[in-house]
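Contents: one structure, followed by commentary.
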Amino acid sequence: MRLGFFLREALGSLRRNWVMTMAAVITVFISTVILGSVLVMGENLDRGATSLENRVMIEVFIKDDATPQEQKAFQQKVLAMSQVKEVNFVSKEEALDRFRETVGDYITKNLATNPLPASFEVYVKDADQVDAVAALFYDEPIVSHTPGTQDGVQYAAKTVRRMLRTIDLIRWGMWGATALFAAAAILLISTTVRLSIFARRREVEIMRLVGATNWFIRWPFVIEGFAAGLIGAIIGALSVYLVNWAVADWLKNSVDYLDAYVYPLWWQGDTWPLGLLPTLALLGGVLGAAGGLVALRRYLRT
Amino acid sequence: MIVFENVTKTYDPDVVGLQDFTCHIGKGEFVFLVGASGSGKSTLIKLVLKELEPTEGRILVAGRNLGTLPQRKVPLLRRNIGCVFQDFKLLPNKTVYENVAYALEVVGEPRRMIRRKVPEILNLVGLGEKTNSLPHEISGGEQQRVSVARAFVNHPPLLLADEPTGNIDPETAVGIMQLLVRINRTGTTVVIATHDREMVNRMRRRVLQLDAGRLVRDERRGSYDQTPDDLEEGV
Ligand SMILES: Nc1ncnc2c1ncn2[C@@H]1O[C@H](COP(=O)(O)OP(=O)(O)O)[C@@H](O)[C@H]1O
Ligand SMILES: [Mg+2]
Numbered sequence: 164m165r166l167g168f169f170l171r172e173a174l175g176s177l178r179r180n181w182v183m184t185m186a187a188v189i190t191v192f193i194s195t196v197i198l199g200s201v202l203v204m205g206e207n208l209d210r211g212a213t214s215l216e217n218r219v220m221i222e223v224f225i226k227d228d229a230t231p232q233e234q235k236a237f238q239q240k241v242l243a244m245s246q247v248k249e250v251n252f253v254s255k256e257e258a259l260d261r262f263r264e265t266v267g268d269y270i271t272k273n274l275a276t277n278p279l280p281a282s283f284e285v286y287v288k289d290a291d292q293v294d295a296v297a298a299l300f301y302d303e304p305i306v307s308h309t310p311g312t313q314d315g316v317q318y319a320a321k322t323v324r325r326m327l328r329t330i331d332l333i334r335w336g337m338w339g340a341t342a343l344f345a346a347a348a349i350l351l352i353s354t355t356v357r358l359s360i361f362a363r364r365r366e367v368e369i370m371r372l373v374g375a376t377n378w379f380i381r382w383p384f385v386i387e388g389f390a391a392g393l394i395g396a397i398i399g400a401l402s403v404y405l406v407n408w409a410v411a412d413w414l415k416n417s418v419d420y421l422d423a424y425v426y427p428l429w430w431q432g433d434t435w436p437l438g439l440l441p442t443l444a445l446l447g448g449v450l451g452a453a454g455g456l457v458a459l460r461r462y463l464r465t
Numbered sequence: 460m461i462v463f464e465n466v467t468k469t470y471d472p473d474v475v476g477l478q479d480f481t482c483h484i485g486k487g488e489f490v491f492l493v494g495a496s497g498s499g500k501s502t503l504i505k506l507v508l509k510e511l512e513p514t515e516g517r518i519l520v521a522g523r524n525l526g527t528l529p530q531r532k533v534p535l536l537r538r539n540i541g542c543v544f545q546d547f548k549l550l551p552n553k554t555v556y557e558n559v560a561y562a563l564e565v566v567g568e569p570r571r572m573i574r575r576k577v578p579e580i581l582n583l584v585g586l587g588e589k590t591n592s593l594p595h596e597i598s599g600g601e602q603q604r605v606s607v608a609r610a611f612v613n614h615p616p617l618l619l620a621d622e623p624t625g626n627i628d629p630e631t632a633v634g635i636m637q638l639l640v641r642i643n644r645t646g647t648t649v650v651i652a653t654h655d656r657e658m659v660n661r662m663r664r665r666v667l668q669l670d671a672g673r674l675v676r677d678e679r680r681g682s683y684d685q686t687p688d689d690l691e692e693g694v
């Protein structure tokens, strides 16, 4: 392969056909912005869902007269359950501290005794299992119910599950939209390349007459497509990153309880996420090169 | 060099390109292919380049049967055939130098050799001064000389020209024809499709005349038209 020659050919014609080059670059840019946005939003939703799931916690209130041994035994038993991820003990004092933090000194100062019960915070592995796990605690002798109720075991299952279901729905919708956009992007790219090659079909015909093999004709086109795709994808990745970063920054400063995740631009050394730039640049390059190959096909048929 | 055996080429709806055509063109010959427009000259040239497949019959080029030549070998065939066309077929975005060099790049000629051979052949065709011009910046006659240079830079054993002087003025045409004769003297077989009557008459070379796809005349030292003289000679 005469790499130097092919590179010169490709760069020369990228410059000469700069209108087509621009069209290809913009096409890949749009496609990668769409895909990059999906990546960023998907990752944010994933993380949001995970953190919500992590917040699915069952509070189990303990009778004041339970002995430390009884507490210990209960904690061990819960921890041994296969559905349980983590158990934290919250003593009466800690409960009061937390209460003080939220309502202020004013009320708690005048209390003669600590009215708050100690509790266990039970985290389950799977948000879908909260009902089943909570049900196991109702009849435990150590649990403190108000007589006639089961208020010794509490969890915010309904709200959380509704939110999770919403996130799932959004995620599916997003994948659907991505598939649609990806199809549109491929169509757009192949049209662009086909136009550019149609304009140059005479050139291809002459090359064939002079005895160029199909690959001799293809390489410059493939390199051209790759280069245009790469440029479009790099601009796209940078744009997505900047917008992602700006939105996250704005959220951090204006909305307390919402944190957006900034998708890394570059590979972080672990396997996931791959980083916007490498992922999209590779994709853009391959897409561009494939576009060149596909569009050439009909002119290289013999 | 070229053998046609009962070759017929019909285009889709019964349009005849070539009809039961048989002829033999030997190594080193210089042959004119004459006939009215539409008589099948271009069809014949395209068949030799395997741009078209014959409907019937057999074609041999340099001893190879084109019918059994696989498509992937067609580029190889074409590298051994220099081509010159009425419309020059130069790559519009390449300079004179690059256009000629392309034929060498295609065969994988080393850069060093390209740098030597291209100026050499451009000087031969009298374009030493125009190496860096683009095709649209030079005259038709000059473009045709570039195209001849490209066709010959590989020193192919066979050179085909389809109306090489069709688009240029008569004086320039003489120059092109002289170039083709010089190329022929190096041993290259030259086949020229033309309806340039004066040129054919002046040169008195072998003439193949086509009419509606049929070979109607094959003379060793022919003129453009069939003359009583030729008939008397009984060729
Ligand atoms: N691609 C084609 N499709 C259909 N008919 C064609 C095609 N090319 C040539 N022909 C027909 O074949 C005949 C011979 O054409 P051609 O070989 O181009 O003649 P010439 O070069 O002598 O003018 C003509 O009748 C022409 O119309
Ligand atoms: Mg013709």
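Chains as they are written, first to last, in the numbering used here: chain A, 164 to 465; chain B, 460 to 694. All residues carry an ideal CB built from backbone N, CA and C; glycine is no exception.
- Within the stretch 488 to 572 of chain B, the runs of beta strand (DSSP E) at least 3 residues long that lie entirely inside it are, in chain order, 489 to 493, 515 to 520 and 540 to 544.
- A check of alpha carbon separations from L477 of chain B across B:G494, B:V490, B:P629 and B:R664 identifies B:G494 as the nearest.
- When only Cα atoms are considered, Y683 of chain B and L667 of chain B end up about 9 Å apart.
- The C-alpha of K240 of chain A lies about 12 Å from the C-alpha of V285 of chain A.
- Distances from the CB of S498 of chain B to the heavy atoms of ligand 2 are all 6 Å or more.
- Think of a sphere of 7 Å around the beta carbon of R538 of chain B: the chain A residues whose beta carbon falls inside it are G374, in chain order.
- Counting only residues of its own chain and dropping the five nearest sequence neighbours on each side, V577 of chain B has a CB closer than 6 Å to the CB of Y556, V559 and A560.
- Beyond the five residues adjoining it in sequence on each side, L443 of chain A comes within less than 7 Å, by CB distance, of T195, L198, G199, A396, G399 and A400 in the same chain, given in chain order.
- For E366 of chain A, at least one C-beta of chain B is nearer than 7 Å to its own C-beta.
- Proximity of P623 of chain B to chain A, defined by a Cβ-Cβ separation below 7 Å, is not satisfied.
- The residue from A:V385, A:E216, A:L393 and A:V449 with its alpha-carbon nearest to that of R171 of chain A is A:V385.
- Of all C-beta pairs linking the stretch 589 to 607 of chain B to the stretch 530 to 545 of chain B, three or more are shorter than 8 Å, placing the two stretches in contact.
- At least one heavy atom of ligand 1 sits closer than 6 Å to the Cβ of G476 of chain B.
- Taken in chain order, the members of the stretch 583 to 613 of chain B whose beta-carbon sits within less than 9 Å of a beta-carbon on chain A are R609, A610 and N613.
- Excluding sequence positions up to five before and after N407 of chain A, its CB lies within less than 6 Å of the CB of V203, V425 and Y426, all in the same chain and listed in chain order.
- Boundaries for I225 of chain A: no alpha helix (DSSP H) harbours it, and the DSSP string shows neither H nor E there.
- For the stretch 189 to 205 of chain A, there are no residues whose beta carbon sits under 7 Å from a beta carbon of chain B.
- For the stretch 493 to 521 of chain B, the residues whose beta carbon sits under 9 Å from a beta carbon of chain A are, in order, L508, K509 and E510.
- Burial of P594 of chain B is indicated by the presence of at least 16 other C-beta atoms within 10 angstroms of its C-beta.
- The continuous alpha helix (DSSP H) containing L443 of chain A extends over residues L439 to L463.
- A direct Cα-Cα distance of roughly 24 Å separates N251 of chain A from G267 of chain A.
- The beta carbon of V565 of chain B sits closer than 7 Å to some beta carbon of chain A.
- Proximity of the beta carbon of S501 of chain B to ligand 2 is indicated: a heavy atom of the ligand is located closer than 6 Å.
- Distance from the CA atom of Q246 of chain A to the CA atom of N207 of chain A, rounded to whole angstroms, is 26 Å.
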